[in-house]
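Visitor: Shown below is the structure under consideration.
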Amino acid sequence: MQDPRLHSLLYSNEPPESPDAPAIQSAMSDIDQRISALDLEISGLQSRLGELQEARSALIRSREQYKVILSPLRRLPTETLGEIFVQTIPSMRDLDKWNGFGMNQSPWVLTHVCSRWREIAISLPSLWSLIYVDQRYPLAAAETQVQRAKTLRVHIHGRIGYDLEPISETRILEYLISHSARWEEFSIEMTDDFDILLPTLRDQVPLLRRLSLEWDEDLYIADPEDSIDYFETATSLVDLRLRHRGNPISFSPPLQQLTRYHVDAPWETHQQILSVSPALVEAHISVAHGWEWSGTEKIELRHLQCLYVSWTEIVQSLHVPVLEQVTFHLCSTDNELSLGFDEFMAVTSVTVRRLGLRGLPQADVAQAIMDGYPSVTELAILISGGDDYHFDDEDSNEVDSETEEHALIPDSLISLLDFSFSRDRLPHLTHLHLAFEDELPLDYEVYAGMLGSRWTDDHHLALRVATLQMSSWAPHKPSPDVRHKFDVLRRSGLYFSMDYDGHVLDRLGSWLCQPTWC
1 MQDPRLHSLL
11 YSNEPPESPD
21 APAIQSAMSD
31 IDQRISALDL
41 EISGLQSRLG
51 ELQEARSALI
61 RSREQYKVIL
71 SPLRRLPTET
81 LGEIFVQTIP
91 SMRDLDKWNG
101 FGMNQSPWVL
111 THVCSRWREI
121 AISLPSLWSL
131 IYVDQRYPLA
141 AAETQVQRAK
151 TLRVHIHGRI
161 GYDLEPISET
171 RILEYLISHS
181 ARWEEFSIEM
191 TDDFDILLPT
201 LRDQVPLLRR
211 LSLEWDEDLY
221 IADPEDSIDY
231 FETATSLVDL
241 RLRHRGNPIS
251 FSPPLQQLTR
261 YHVDAPWETH
271 QQILSVSPAL
281 VEAHISVAHG
291 WEWSGTEKIE
301 LRHLQCLYVS
311 WTEIVQSLHV
321 PVLEQVTFHL
331 CSTDNELSLG
341 FDEFMAVTSV
351 TVRRLGLRGL
361 PQADVAQAIM
371 DGYPSVTELA
381 ILISGGDDYH
391 FDDEDSNEVD
401 SETEEHALIP
411 DSLISLLDFS
421 FSRDRLPHLT
431 HLHLAFEDEL
441 PLDYEVYAGM
451 LGSRWTDDHH
461 LALRVATLQM
471 SSWAPHKPSP
481 DVRHKFDVLR
491 RSGLYFSMDY
501 DGHVLDRLGS
511 WLCQPTWC
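Okay, so the sequence shown: first residue is 1 according to full-length UniProt numbering, each after it adds one.
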């Protein structure tokens, strides 16, 4: 029972007297003893709680292990899981972005998950067929892939880190050549070291279907007498990519069955190859700047459906009666269409449904081409060639007249498509793609107005899809008012997309007839 005196002191502001001190100290001592007893009990309970929590965690882990047994992934048939594995193989563009080889990429990473995954991955030859060789790729990896693969897709990148000696790539290429009878794809960026080895491929590539040879003028320059004759028995070849802007070279593989063609070379090289490739379905024909046209006989390409030309003069030499898609590269200095172009349009306008314009085309030239293909349903405009236009140069207060002219080209092209000004231009257009490979500006207000003019119900126009892809260095972005107009078009049913990721050619490479395998 509490002392009445202590009770009075606890519940009042009365000051204690000297005789009260021993009683107060005694009460505090009793409390301390009780606290110590409770602390001891709490400590024991906490220790027990820790043991219980650890036991609970162990049970949860054990339960998860049992739960994994019921996982749908574990019940996937081996064939299905293998197909999923195949879909994880990176594309060539992915490997280029990731700077090539890495053990943390598929298929290597699949062999480190569990024994079943490793067994399945190793048993799938298609997982190991793509061999991407750069200076980080070890010979041991090549040996492993060759052992596990059936056919081989070999890509040698000699230019990656070309300030270093490509010793490792040379050794790996030597090793891979010893297995060239299994090659299905071969892509190489040539160096002098590689050039010495390639003649050993003669009569050794019976399965080769896709071939890409690229010469970098800074690393290798062919002599005029050079001849690439070591693929002349590649009877399975259907896809050819060749980039050689030096002197014309002789190229003599069997080409009668070739269906895809992507060549950047002197016109003489194009003539030699195209004239003996009657089965072509797709062709990218690029000739270096400064090329002067000289008339030639027409080349018959009766099966060609997709065409890209770097100069409009090229089409004078082509007869393409079933062409469905064509892209023209046009410069800002092209003030008129080349001689014979009207005849080409007259013949191909009957069949062409997809039209592409690349470069910096003058409005008059672009208008003539659009009007020459009235039945087109899909149009792509790829703006490129404005590299000299910079908007972030604070030290420059002036922009030369040529640069100002380039900056106005995109808006002038958009105005050509505005249905308010011309109701006869591309009236059947359903898909419109506008992309910027450089940092030239766009008047978003003009662009939004053009889309609106082609979407108005009163006109009964066919536009259904519009895509806008800006450079990642684009100087401006649309205002809130323009973004609202885009949203209104979306809500009314137009499929519209816009991005600034800068990967223009990844999305629109088909307009340039670019191969996706290299």
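From the three backbone atoms N, C-alpha and C, an ideal C-beta is built for every residue, glycine too.
Who pairs with E341 in a beta bridge, going by DSSP?
Guide: By 1-based counting over the sequence shown, the position of residue 341 is 341. Looking at the sequence shown, residue 341 is not Glu but Phe. The partner list for F341 (beta bridge, DSSP) is empty, contrary to what the question assumes.
Visitor: Specify the secondary structure class of V287 as computed by DSSP and reduced to three states.
Guide: Numbered from 1 along the sequence shown, position 287 holds the residue referred to as residue 287. It is coil, neither helix nor strand.
Visitor: Go to W183, then tell me how far its beta strand (DSSP E) extends in each direction, as first and last residue.
Guide: As a first step, residue 183 is located in the sequence shown; it is residue number 183 there, counting from the start. Per DSSP, W183 belongs to the beta strand (DSSP E) from 183 to 190.
Visitor: So is the beta-carbon of V154 under 7 Å away from any non-hydrogen atom of the ligand SAM?
Guide: Annotation note on the ligand SAM: not contained in the displayed structure, which lists no ligands.
Visitor: Using the three-state DSSP reduction, which class does S168 fall into: helix, strand or coil?
Guide: By 1-based counting over the sequence shown, the position of residue 168 is 168. S168 falls in the helix class under three-state DSSP.
Visitor: In the DSSP assignment, what are the bridge partners of A466?
Guide: Position 466 of the sequence shown, counting from 1, holds the residue named residue 466. According to DSSP, A466 bridges with L432, F496.
Visitor: Using C-beta distances below 6 Å, list every residue in its chain close to S310, excluding the 5 sequence neighbours before and after it, in chain order.
Guide: As a working mapping, residue 310 is identified with position 310 in the sequence shown. Excluding residues within five positions, the ones whose Cβ falls inside 6 Å are S286, V287, H329.
Visitor: Taking the alpha-carbon positions, what's the C513 to L240 distance?
Guide: Locating residue 513 in the sequence shown gives position 513, where the first residue counts as 1. Locating residue 240 in the sequence shown gives position 240, where the first residue counts as 1. Rounded to the nearest angstrom, the two C-alpha atoms are 12 Å apart.
Visitor: Between the C-alpha atoms of Q316 and E119, what's the straight-line distance to the nearest angstrom?
Guide: Stepping through the sequence shown from its first residue, residue 316 is reached at position 316. Stepping through the sequence shown from its first residue, residue 119 is reached at position 119. One C-alpha to the other measures close to 57 Å.
Visitor: Within the stretch 308 to 372, note down every full beta strand (DSSP E) run reaching 3 residues or more, in order along the chain.
Guide: You should have 325 to 330, 354 to 359.
Visitor: Whole angstroms are fine: how far does the CA of M28 sit from the CA of E41?
Guide: Position 41 of the sequence shown holds residue 41. Position 28 of the sequence shown holds residue 28. Roughly 20 Å between the two C-alpha positions.
Visitor: Below 8 Å on the Cβ atoms is my guess for S180 versus Q204; work out the distance and round it to an integer in Å.
Guide: To locate residue 180, count along the sequence shown from 1; it is residue 180. To locate residue 204, count along the sequence shown from 1; it is residue 204. Sure, about 4 Å apart at Cβ, within 8 Å.
Visitor: Cβ atoms of A435 and I383: under 8 Å apart, would you say?
Guide: Within the sequence shown, residue 383 is the residue found at index 383, counting from 1. Within the sequence shown, residue 435 is the residue found at index 435, counting from 1. The answer is yes: Cβ separation under 8 Å.
Visitor: Expressed to the nearest angstrom, what Euclidean distance is found between the alpha-carbon atoms of Y500 and G452?
Guide: Your numbering for residue 500 matches position 500 in the sequence shown. Your numbering for residue 452 matches position 452 in the sequence shown. So the two alpha carbons sit approximately 22 Å from each other.
Visitor: Rounded to whole angstroms, what is the Cα-Cα separation between N99 and P138?
Guide: Within the sequence shown, numbered from 1, the residue matching residue 99 stands at position 99. Within the sequence shown, numbered from 1, the residue matching residue 138 stands at position 138. Cα-Cα distance, rounded: 15 Å.
Visitor: Does the stretch 43 to 51 come close enough to the stretch 79 to 96 to have 3 or more Cβ pairs within less than 8 Å?
Guide: Because the criterion of three Cβ pairs below 8 Å is not met, the stretch 43 to 51 and the stretch 79 to 96 do not touch.
Visitor: By alpha-carbon positions, which one of R61, A346, W128 ends up nearest to L110?
Guide: Here the question's residue 110 lines up with position 110 in the sequence shown. Nearest option by C-alpha distance: W128.
Visitor: With distances taken Cα to Cα, identify the nearest neighbour of I314 among H476, P278, D264, S332.
Guide: Taking the sequence shown and counting its residues from 1, one reaches residue 314 at position 314. The residue with the shortest Cα to Cα distance from I314 is D264.
Visitor: Determine the extent of the alpha helix (DSSP H) in which A380 is found, giving its start and end residues.
Guide: The sequence position of residue 380 within the sequence shown is 380, counting from 1. Where A380 is concerned, there is no enclosing alpha helix (DSSP H), although the beta strand (DSSP E) it sits in stretches over 378 to 383.
Visitor: Using CA atoms only, rank isn't needed, just tell me which of F194, I31, V154 is closest to L211.
Guide: Within the sequence shown, numbered from 1, the residue matching residue 211 stands at position 211. Checked all of F194, I31, V154; the closest Cα to L211 is V154.
Visitor: Between the alpha carbons of A346 and G372, how many angstroms are there, rounded?
Guide: Along the sequence shown, read from residue 1 onward, the residue named residue 346 stands at position 346. Along the sequence shown, read from residue 1 onward, the residue named residue 372 stands at position 372. Cα to Cα, A346 sits roughly 7 Å from G372.
Visitor: Can you list, in chain order, the residues of its chain with a C-beta nearer than 8 Å to that of D30? Leave out the 5 residues immediately preceding and following it.
Guide: Along the sequence shown, one-based indexing puts residue 30 at 30. Around D30: no qualifying Cβ.
Visitor: If we require 4 or more residues per run, which alpha helix (DSSP H) segments fall completely within the stretch 2 to 49?
Guide: Correct list: 4 to 10.
Visitor: Let me know the secondary structure DSSP gives S212 once reduced to three states.
Guide: Translated into the one-based positions of the sequence shown, residue 212 becomes position 212. Correct three-state label for S212: strand.
Visitor: Straight-line CA distance for S123 to Q325?
Guide: Stepping through the sequence shown from its first residue, residue 123 is reached at position 123. Stepping through the sequence shown from its first residue, residue 325 is reached at position 325. Near 41 Å, if we compare the C-alpha coordinates of Q325 and S123.
Visitor: Can you tell me which of the three DSSP states V133 falls into?
Guide: Position 133 of the sequence shown, counted from the start, is the residue given in the question as residue 133. Three-state result, V133: strand.
Visitor: Taking only the alpha-carbon atoms, compute the straight-line gap between C306 and T377 and give it to the nearest angstrom.
Guide: Here residue 306 refers to the residue found at position 306 of the sequence shown. Here residue 377 refers to the residue found at position 377 of the sequence shown. When rounded, the distance between both Cα atoms is 15 Å.
Visitor: I'd like to know whether the C-beta atoms of V86 and S126 end up nearer to each other than 8 Å.
Guide: If you number the sequence shown from 1, residue 86 lands on position 86. If you number the sequence shown from 1, residue 126 lands on position 126. Yes, these two residues count as a Cβ contact at 8 Å.
Visitor: Leaving aside the five residues before and after V322 along the sequence, list all residues of the same chain whose C-beta is less than 8 Å from its C-beta, in chain order.
Guide: Locating residue 322 in the sequence shown gives position 322, counting from the first residue. Correct list, in chain order: R302, H303, L304, Q305, T351.
Visitor: Measure the C-alpha to C-alpha separation of D387 and L413 and round it to an integer number of angstroms.
Guide: Here residue 387 refers to the residue found at position 387 of the sequence shown. Here residue 413 refers to the residue found at position 413 of the sequence shown. Residue placement at D387 cannot be trusted, given a pLDDT of 46 that sits under 50; what the coordinates show is reported in the next sentence. Going by the C-alpha atoms only, they are around 19 Å apart.
Visitor: Return the first residue and the last residue of the beta strand (DSSP E) that D264 is part of.
Guide: Residue numbering aside, residue 264 sits at position 264 when the sequence shown is read from its first letter. It spans 260 to 264 - the beta strand (DSSP E) in which D264 sits, taken as one unbroken run.
Visitor: Note the first and the last residue of the continuous beta strand (DSSP E) segment covering H155.
Guide: Taking the sequence shown and counting its residues from 1, the one referred to as residue 155 is at position 155. Looking at the DSSP string, the run of the beta strand (DSSP E) that includes H155 is 152 to 156.
Visitor: Taking 8 Å as the threshold (C-beta atoms), are L463 and S455 in contact?
Guide: Along the sequence shown, one-based indexing puts residue 455 at 455. Along the sequence shown, one-based indexing puts residue 463 at 463. Per the sequence shown, the amino acid found at residue 455 is Trp instead of Ser. Going by C-beta atoms, W455 is nearer than 8 Å to L463.
Visitor: Candidates I188, A448, T200: which alpha carbon is nearest D216's?
Guide: In the sequence shown, the residue the question calls residue 216 occupies position 216. With distances taken between Cα atoms, D216 lies closest to I188.
Visitor: Can you tell me whether T516 is buried or exposed? The criterion is at least 16 other CB atoms within 10 Å of its CB, across all chains shown.
Guide: Position 516 of the sequence shown holds residue 516. Classification of T516: exposed, given that the 10 Å Cβ count is below 16.
Visitor: Short check: CB of E232 to CB of S252, under 8 Å?
Guide: Taking the sequence shown and counting its residues from 1, the one referred to as residue 232 is at position 232. Taking the sequence shown and counting its residues from 1, the one referred to as residue 252 is at position 252. Yes, these two residues count as a Cβ contact at 8 Å.
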